[in-house]
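**Student:** For the sequence shown, counting from 1, position 163 maps to 163 in the working numbering; every step adds exactly one. Attaching a single structure in structure tokens format; questions to follow.
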Amino acid sequence: MHKLVTYALALTFLIDFGSTAVAADAGLDRVHFLIPAGPGGGWDGTARGVGLALSQTQLVSNITYENAAGGGGGRAIAKLIETADRQQNTLLISSTPIIVGALQGVFTQSFRDLVPIAAMIADYSCFAVRADSEIQNFSDLAKRYKTDPRSIVVAGGSVRGNTDHFVLAKALQLAGADPKQLVYLAYDGGGKAAAGLLSGETQVLSTGLSEALQMHQAGLLKIIAVTAPAPMPHLPDLPLLNTQGIDLVFANWRGFFAAKGLGDAQYARMRHTLRTVSETAVFDDIRLRNGWAENYLEGDAFYAFLTQQEAQIRSLMQSIGYLR
Numbered sequence: 001m002h003k004l005v006t007y008a009l010a011l012t013f014l015i016d017f018g019s020t021a022v023a024a025d026a027g028l029d030r031v032h033f034l035i036p037a038g039p040g041g042g043w044d045g046t047a048r049g050v051g052l053a054l055s056q057t058q059l060v061s062n063i064t065y066e067n068a069a070g071g072g073g074g075r076a077i078a079k080l081i082e083t084a085d086r087q088q089n090t091l092l093i094s095s096t097p098i099i100v101g102a103l104q105g106v107f108t109q110s111f112r113d114l115v116p117i118a119a120m121i122a123d124y125s126c127f128a129v130r131a132d133s134e135i136q137n138f139s140d141l142a143k144r145y146k147t148d149p150r151s152i153v154v155a156g157g158s159v160r161g162n163t164d165h166f167v168l169a170k171a172l173q174l175a176g177a178d179p180k181q182l183v184y185l186a187y188d189g190g191g192k193a194a195a196g197l198l199s200g201e202t203q204v205l206s207t208g209l210s211e212a213l214q215m216h217q218a219g220l221l222k223i224i225a226v227t228a229p230a231p232m233p234h235l236p237d238l239p240l241l242n243t244q245g246i247d248l249v250f251a252n253w254r255g256f257f258a259a260k261g262l263g264d265a266q267y268a269r270m271r272h273t274l275r276t277v278s279e280t281a282v283f284d285d286i287r288l289r290n291g292w293a294e295n296y297l298e299g300d301a302f303y304a305f306l307t308q309q310e311a312q313i314r315s316l317m318q319s320i321g322y323l324r
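Next comes the structure, spelled out in structure tokens:
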């Protein structure tokens, strides 16, 4: 039994689902991961983490990866749709931006043009600064932003108006600041966004916890707030946003989609493969190392969740003026 941790304001939304029994030999014999961004970001790290677990558990021996960056994820989505007949074993990694991008019109497709296979993990957002920054906590950031918004340039690995942008914007709004003045610089993935912070090009990084955690632990940057609802048992010392007076909890799910028209049997094999690896100790270790929250949701239940999240995200973006 797994818990899906989803986006909420002042609330962590938990859903439990059981697994459907499938024959032990019903999994895939090869997997091609289609990644909508460059190396080093959250999509890339999640796909390769799942791939590593599949390899180490010997569930799948033939595993390949393809980075297809562009259009806020839209290039990879379009490729999967347009070449569906050649994508029998392809799993597209995506997350909340597939909802946001469609709402914004960044791309014309949506999750409805694909087949949702399974959500695998949830990655809390975090805000970080360079290790030598005078900003010590979120209160310092909010005060400086209110005094001189143009002095804060924020790096993120998603396009303008997407998750890395609107989560920090909402936090600043809850701190009493104007989110529309936020200067946001979009990079191709969290890895490049972190490099932008470390180079001095930006003052703040807004990204997934997994994309900043190792650099924080190495002393290269300093995490000043995490959008988790409570201290994580394996990372108890990370500062939480909601203990700094900001009542905001956010977790960005990451999961996999397939092209339409592959047939029910192939979709069942995909679900079985991902469900099986999600229950292994190998994947659990990878999840904990990356600071990911436990999460598994598949098939129709995943589709229903996406529909619900679409309404939630639309409301949130409208509340900060990022969507009409």
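A virtual CB, placed ideally from N, CA and C, is assigned to each residue, including glycine.
Under 8 Å, do Tyr267 and Ile117 count as touching if we go by C-beta distance?
**Tutor:** yes
**Student:** Terminal residues of the continuous beta strand (DSSP E) containing Asp123?
**Tutor:** Val115 to Arg130
**Student:** How is Trp253 classed by DSSP in three states: helix, strand or coil?
**Tutor:** strand
**Student:** Can you have a look at Lys222 and say buried or exposed, based on whether 16 or more other CB atoms are within 10 angstroms of its CB?
**Tutor:** buried
**Student:** How many Å lie between Arg314 and Gly321 at the Cα?
**Tutor:** 11 Å
**Student:** Between which two residues does the beta strand (DSSP E) holding Ile286 run?
**Tutor:** Ile286 -> not in any beta strand (DSSP E); alpha helix (DSSP H) instead, spanning Ala281 to Asn290.
**Student:** Of all the options Pro179, Tyr65 and Ser110, which has the alpha carbon lying nearest to the alpha carbon of Ser319?
**Tutor:** Pro179
**Student:** Please check the pair Thr202 and Gly196, which I expect to be a contact at CB under 8 Å, by giving their CB distance rounded to whole angstroms.
**Tutor:** 5 Å
**Student:** Going residue by residue through the region 30 to 108, where are the continuous alpha helix (DSSP H) segments of at least 4 residues, counting only ones entirely within it?
**Tutor:** 42 to 56, 74 to 82 and 97 to 104
**Student:** Between the alpha carbons of Tyr184 and Leu306, how many angstroms are there, rounded?
**Tutor:** 26 Å
**Student:** Mind checking which residues open and close the alpha helix (DSSP H) that includes Gly190?
**Tutor:** Gly190 to Leu198
**Student:** Use the C-beta contact count for Lys79: other C-beta atoms within 10 angstroms, 16 or more gives buried, fewer gives exposed.
**Tutor:** buried
**Student:** Excluding the five sequence neighbours on either side, which residues of its own chain have a C-beta within less than 7 Å of the C-beta of Leu235, listed in chain order?
**Tutor:** The beta carbon of Leu235 sits closer than 7 Å to the beta carbons of Gly291 from its chain, once the five residues preceding and following it are set aside; these are given in chain order.
**Student:** So what does Glu294 bridge to, in DSSP terms?
**Tutor:** Ile121
**Student:** Between the Cα of Gly42 and the Cα atoms of Glu66, Ile77, Leu182 and Asp123, which residue gives the shortest distance?
**Tutor:** Of the residues Glu66, Ile77, Leu182 and Asp123, the one whose Cα lies closest to the Cα of Gly42 is Asp123.
**Student:** When you compare the CB positions of Gly40 and Gly191, do they come within less than 8 Å of one another, or not?
**Tutor:** yes
**Student:** Run through DSSP, which three-state label would Ser206 get?
**Tutor:** The answer is strand: DSSP assigns Ser206 an E or B state.
**Student:** Which residue wins for smallest C-alpha separation from Gly45, given the options Gln312, Ala281 and Gly255?
**Tutor:** Gly255
**Student:** Helix, strand or coil for Val153 per DSSP?
**Tutor:** strand
**Student:** Using the Cβ count rule (16 or more neighbours within 10 Å means buried), how would you classify Lys339?
**Tutor:** Since the first residue shown for the chain is 1 and the last is 324, residue 339 is missing from the structure and cannot be characterised.
**Student:** Counting pairs of beta carbons, one from the region 279 to 288 and one from the region 50 to 59, are three or more of them closer than 8 Å?
**Tutor:** Contact between the region 279 to 288 and the region 50 to 59 is established, with three or more Cβ pairs separated by less than 8 Å.
**Student:** Closest to Asp247 by C-alpha separation, out of Leu174, Pro239, Gly263 and Arg269, would be which residue?
**Tutor:** Leu174
**Student:** So the candidates are Arg150, Asp264 and Leu198; which of them puts its Cα closest to the Cα of Gln181?
**Tutor:** Arg150
**Student:** Alpha carbon to alpha carbon, what distance is there between Gly263 and Val129?
**Tutor:** Rounded to whole angstroms, the separation of the alpha carbons of Gly263 and Val129 is 47 Å.
**Student:** Taking Cys126 and Val249 to be in contact with their CB atoms under 8 Å, please state how far apart those CB atoms are, rounded to whole angstroms.
**Tutor:** Going by Cβ atoms, the distance from Cys126 to Val249 rounds to 13 Å, so no, they are not a contact pair.
**Student:** Could you check where the beta strand (DSSP E) with Ala186 kicks off and where it finishes?
**Tutor:** Val183 to Ala186
**Student:** What is the C-beta distance between Gly27 and Thr273, in whole angstroms, given that I count them as a contact (C-beta under 8 Å)?
**Tutor:** Indeed, because the Cβ distance is near 4 Å, the residues count as touching under 8 Å.
**Student:** Looking at the secondary structure, which residues open and close the beta strand (DSSP E) in which Val226 lies?
**Tutor:** Leu221 to Val226
**Student:** If you pair each beta-carbon of the region 89 to 106 with each one of the region 160 to 172, do three or more pairs fall below 8 Å?
**Tutor:** yes
**Student:** Return the chain-ordered list of same chain residues with a C-beta closer than 6 Å to the C-beta of Ala24, the five sequence neighbours on each side being excluded.
**Tutor:** Its pLDDT being 43, under 50, Ala24 is placed unreliably in this model, and the value from its coordinates should be taken loosely. Excluding positions up to five away in sequence, the list is empty.
**Student:** Helix, strand or coil for Leu306, going by three-state DSSP, please let me know.
**Tutor:** helix
**Student:** Is DSSP giving Ala142 helix, strand or coil here?
**Tutor:** Of the three classes helix, strand and coil, the one that applies to Ala142 here is helix, per DSSP.
**Student:** Among Gln104, Leu114 and Gly74, which one has its Cα closest to the Cα of Thr90?
**Tutor:** Leu114
**Student:** Under 8 Å between the Cβ atoms of Gly200 and Ala84?
**Tutor:** no
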